[in-house]
Amino acid sequence: MAVESIDNAHIIQFSDRVHIVAQQIKARLRPHVEMRPMKGETLAYDGLGSLEASQILGRNQPVQFADIAYLRRRISRQRFALTLPIDEADVRSMLTSPQSYYAEACVRAMERVFDRVVVAALFATVYTGESFATAVTATADGVETVNATAGLTYQSILQLNQNFIDNEVGNDMPENIVVGLAGDEYKSLMQEVELINDLYSRQHAIDKGRLVELVGTKIVQFGGAVPQPILAVSAASVRSCFGMSSRGICVGMSKEIGVKVEPRPDLVETTQVQVVFDFGAVRTEGVLVQQINTTAVVI
Numbered sequence: 027m028a029v030e031s032i033d034n035a036h037i038i039q040f041s042d043r044v045h046i047v048a049q050q051i052k053a054r055l056r057p058h059v060e061m062r063p064m065k066g067e068t069l070a071y072d073g074l075g076s077l078e079a080s081q082i083l084g085r086n087q088p089v090q091f092a093d094i095a096y097l098r099r100r101i102s103r104q105r106f107a108l109t110l111p112i113d114e115a116d117v118r119s120m121l122t123s124p125q126s127y128y129a130e131a132c133v134r135a136m137e138r139v140f141d142r143v144v145v146a147a148l149f150a151t152v153y154t155g156e157s158f159a160t161a162v163t164a165t166a167d168g169v170e171t172v173n174a175t176a177g178l179t180y181q182s183i184l185q186l187n188q189n190f191i192d193n194e195v196g197n198d199m200p201e202n203i204v205v206g207l208a209g210d211e212y213k214s215l216m217q218e219v220e221l222i223n224d225l226y227s228r229q230h231a232i233d234k235g236r237l238v239e240l241v242g243t244k245i246v247q248f249g250g251a252v253p254q255p256i257l258a259v260s261a262a263s264v265r266s267c268f269g270m271s272s273r274g275i276c277v278g279m280s281k282e283i284g285v286k287v288e289p290r291p292d293l294v295e296t297t298q299v300q301v302v303f304d305f306g307a308v309r310t311e312g313v314l315v316q317q318i319n320t321t322a323v324v325i
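The working numbering numbers the first residue of the sequence shown as 27 and each following residue consecutively.
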């Protein structure tokens, strides 16, 4: 029986550890999107339009066929990779640690990619039609905008909910609505009396230290001061926050996070750690997504 080398033992242990960490560290929007397996470069997201019944006047009337729209949207696969060259001495010392910093850093980077692609898909142009030749902007698709540049307030959230109600989102069956914001917006909301005073709410956000839900919507927080913020900020310091239904984005998953650890014989005592992630996302329907424009505080 072949004896496994020390280097190979280290490689196997590192690969297994990264797989476990990937299951424990999740993207913040992963629980709030629809996931579908994806094969090939493109996945067609199909849907059906709405129907209205017509009244029949009299007896023995001819059949009146109704017309229903077939909706098709393109999910294009995107490929992401992260490669780290590591000295063999580091492999033997660091990669045996259960708290491997390399493993955690690689997985966190890829999980941020997931959120970044989903947020970009919220307001991106979608391609529809049988051959995906028709481009539809977010505005033309029905994505509404809540103007909160003077500050995100309780009234802003009420406007968000009103827009969803008027477009028949969640009226018949409850839907999970998610609001994505940064620290500036969170600070503004924590100063709203309707959200923190126990005369209006029993959540006791001040005592708990976190506002996780308000007016039936879940709060998802993103860093606003990081080098590459997930919530885009324009040159005019306008931050694009969002509100969305859990049916608003479909993610086509081609390949979950995969890890390879292999030697690089072309480099002196170097091992290569490579993480690859293949997936894509598309907005399913404009009325399920809203853009919330706020003002980012520049420090």
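Glycine residues also receive a C-beta, built at the ideal position from the N, C-alpha and C atoms. Predicted model only: the values in this text are computed from it and were never measured.
Query: Please list, in chain order, all residues of the same chain as residue 155 whose beta carbon is under 8 Å from its beta carbon, the five residues on each side excluded.; Result: 98
Query: Which residues in the same chain have their Cβ closer than 6 Å to the Cβ of residue 217, if we skip the five residues on either side of it in sequence?; Result: none
Query: Which runs of the alpha helix (DSSP H), 4 residues or longer, sit entirely within the stretch 126-168?; Result: 127-149
Query: Might you give, ordered along the chain, the residues of its own chain that have their beta carbon closer than 8 Å to the beta carbon of residue 68, omitting 5 neighbours on each side?; Result: 100, 101, 102, 103, 158
Query: Can we count residue 273 as close to the ligand COA, meaning its CB is less than 6 Å from some heavy atom?; Result: As far as ligands go, the structure on display features none, and thus does not contain the ligand COA.
Query: Please name the residue in 152, 275, 322 whose C-alpha comes closest to that of residue 55.; Result: 275
Query: Just to check my reading of the structure: residue 202 and residue 271 have Cβ atoms closer than 8 Å, yes? What is that Cβ distance to the nearest angstrom?; Result: 7 Å
Query: Between which residues of its own chain and residue 306 is the CB-CB distance below 6 Å, once the five residues before and five after are set aside?; Result: 101, 102, 103, 104, 278
Query: Are the beta-carbon atoms of residue 308 and residue 152 separated by less than 7 Å?; Result: yes
Query: Does the Cβ of residue 91 have 16 or more other Cβ atoms within 10 Å, making it buried, or fewer, making it exposed?; Result: exposed
Query: According to DSSP, is residue 198 helix, strand or coil?; Result: coil
Query: Here's the rule: buried if 16 or more other CB atoms are within 10 angstroms of the residue's CB, otherwise exposed. What is residue 316?; Result: buried
Query: Across which residues does DSSP place residue 319 in a beta bridge pair?; Result: 173, 266
Query: Residue 320: which of 303, 134, 296, 269 sits nearest, CA to CA?; Result: 269
Query: Checking the sheet assignment: what are the DSSP bridge partners for residue 290?; Result: 296
Query: Measure the C-alpha to C-alpha separation of residue 112 and residue 291 and round it to an integer number of angstroms.; Result: 12 Å
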